[in-house]
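A.B. asks: Going letter by letter, the sequence shown gives residues -27 to -1, 1 to 296 in mature numbering (1 follows the signal peptide of the UniProt record, and there is no 0).
Let me give you the structure first, and then I'll get to my questions.
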Amino acid sequence: MRKTGIFAVIVGLALAMTASVSFLSFAKEERDPVDTIELSFYSDIKAGEAGGKVDVTLNSGQCSVSSVDIVNEREYWLGGDKPKVEVWLSADRGYYFKKSGKSAFHFSENGDKVHYVSSSSKNDKEELKLTVTLEKLDKEDADLSVSGLAWDEDRGIANWDYQDIAQYYRVRLCHRNTGSGNGEEGIGPVYTVKENSFDFSGEISNTGSYYFKVKAVDARNNSGSWDESPYMEIDEEDIIRFSGQWMQDSKGWWFRNPDGSYTKKGWQCIRSKWYFFDEAGYMKTGWIPWGGKLYYCGDNGSMLVSTITPDGFAVGADGARIN
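Pasting the structure below:
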């Protein structure tokens, strides 16, 4: 009889728990599920601009839009960026979000195109967080033009205005050659710089008309068109002022830099060629021991590279003698 009583108690507890669970399930089922949610997205975000806004309109579904946030906003949008938008929805009274996957939504074609990322329900399925991305921003909308191109004619330095969305700039010196063709030619390489200026004084070695070209490049490697500066007219005095001048006295040749200084006991690259100067600052010729290697400077003082010296030794591309 005692065992029967225990069994009856257990059965009674089980029935009570089942009834409780059934009651809770029944209570939840009193709420109706939200139908498929149709949303329209409208964005004014553009490449090359700061900020921007995304509006979301609810077209159907028993809920409301609580908030809209851009979660990957940057100072300036770039071409190729995909703005990510987080939308919070609240179910109407008596409704809950039964579905929270991609099938729970329909994105209207009347608005901007978006791509589903994720969604999840919160707060007893009365709130729903939806994350989408907009289409890639059109790089053609970004203005990567560079303005304010001007020469510092006293020093041969190119200057231009800072470009808000530029990660860096490409810049090149050009010379107007009136001898043939279209009269335009680039000089030297295209340089990559982060500053909005560049010193070309060391590359201006002939008289004539010079200008420089600049293009801005953003963080996604989108680039603008080349923008060109006004011309700068260069004469012999300008060349000396920009790049220095060879001087000679009874002891030999030396090179006066634009600031009046001169190199002593070391190498200096002058107009793309290397020269060695002794303790007194005079140019040396012949074999030069340096850093455990031997280098050869010809009669004009410039270091020989990738050739055979007059006394029959080979030198490499770095000028060092090959044993």
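For every residue, glycine included, the Cβ atom is placed at its ideal position computed from N, Cα and C.
Any idea which residues DSSP pairs Phe249 with across the strands?
C.D. replies: Looking at the DSSP output, Phe249 shares a beta bridge with Trp240.
A.B. asks: Can you name, in chain order, every residue of its own chain whose Cβ lies under 8 Å from the Cβ of Val163, other than the five neighbours on each side?
C.D. replies: Arg143, Val144 and Arg145
A.B. asks: Distance check for Tyr141 and Ala131, CA to CA, integer angstroms please.
C.D. replies: 15 Å
A.B. asks: Can you check which of these residues, Gly292, Asp54 and Lys71, is closest to Asp191 by C-alpha distance?
C.D. replies: Asp54
A.B. asks: How is Ser63 classed by DSSP in three states: helix, strand or coil?
C.D. replies: In this structure, Ser63 counts as strand in the three-state DSSP scheme.
A.B. asks: Might you give, ordered along the chain, the residues of its own chain that have their beta carbon closer than 6 Å to the beta carbon of Asp28, omitting 5 neighbours on each side?
C.D. replies: Tyr15
A.B. asks: For the region 75 to 154, list the beta strand (DSSP E) runs that are entirely contained and at least 3 residues long, ordered along the chain.
C.D. replies: 78 to 80, 87 to 95, 100 to 107, 123 to 125, 130 to 132 and 141 to 149
A.B. asks: Buried or exposed for Asn195, going by 16 or more other Cβ atoms inside 10 Å?
C.D. replies: buried
A.B. asks: Output the distance between the C-alpha atoms of Val44 and Cys242, rounded to the nearest integer angstrom.
C.D. replies: 52 Å
A.B. asks: Around the Cβ of Glu252, are there at least 16 other Cβ atoms within 10 angstroms (buried) or fewer (exposed)?
C.D. replies: exposed
A.B. asks: To the nearest angstrom, how far is the alpha carbon of Ser153 from that of Trp124?
C.D. replies: In this prediction, Ser153 scores a pLDDT of 44, lower than 50, which makes its location untrustworthy; the coordinate-derived value is nonetheless stated afterwards. Near 26 Å, if we compare the C-alpha coordinates of Trp124 and Ser153.
A.B. asks: Report the three-state DSSP secondary structure of Gly161 (helix, strand or coil).
C.D. replies: In this structure, Gly161 counts as strand in the three-state DSSP scheme.
A.B. asks: Quick one: what's Phe286 bridged to in DSSP?
C.D. replies: BP columns for Phe286 are empty, so no partner.
A.B. asks: Comparing alpha-carbon positions, which option in Trp247, Met256, Thr236 and Phe249 lies nearest residue 303?
C.D. replies: Missing from the structure shown is residue 303; the chain here goes from -27 to 296 and no further.
A.B. asks: Do the region 84 to 101 and the region 171 to 190 meet, that is, are 3 or more Cβ pairs less than 8 Å apart?
C.D. replies: The region 84 to 101 is not in contact with the region 171 to 190.
A.B. asks: Taking only the alpha-carbon atoms, compute the straight-line gap between Gly34 and Lys72 and give it to the nearest angstrom.
C.D. replies: 12 Å
A.B. asks: Check the C-beta distance from Leu62 over to Ile18 and give it rounded, since I have them as a contact under 8 Å.
C.D. replies: Leu62 to Ile18, Cβ: 22 Å. No contact.
A.B. asks: At what residues does the alpha helix (DSSP H) containing Phe215 begin and finish?
C.D. replies: Glu209 to Ser216
A.B. asks: To the nearest angstrom, report how far apart Ala139 and Gly265 are at their CA atoms.
C.D. replies: 44 Å
A.B. asks: Given Lys26, which residues of its chain have a CB within under 6 Å of its CB, disregarding the five upstream and five downstream residues?
C.D. replies: Excluding sequence neighbours, Lys26 sits near Asp17.
A.B. asks: Are Tyr248 and Trp260 touching if we call contact CB-CB under 8 Å?
C.D. replies: Contact flag unset, no.
A.B. asks: Note down the Cα distance separating Gly84 from Tyr68, rounded to an integer number of angstroms.
C.D. replies: It is roughly 26 Å from the alpha-carbon of Gly84 to the alpha-carbon of Tyr68.
A.B. asks: Compute the beta-carbon to beta-carbon distance between Leu117 and Glu201, rounded to the nearest angstrom, for a pair I have assumed lies under 8 Å.
C.D. replies: Going by Cβ atoms, the distance from Leu117 to Glu201 rounds to 15 Å, so no, they are not a contact pair.
A.B. asks: Is the shortest distance between the beta-carbon of Trp61 and the beta-carbons of chain C less than 8 Å?
C.D. replies: Considering every chain present, this structure includes no chain C. It has just one protein chain.
A.B. asks: Quick one: what does DSSP say Ser16 is sitting in, helix, strand or coil?
C.D. replies: strand
A.B. asks: Please report the Cβ distance between Tyr235 and Arg229, rounded to the nearest whole angstrom; I am assuming they are in contact, meaning their Cβ atoms lie under 8 Å.
C.D. replies: 6 Å
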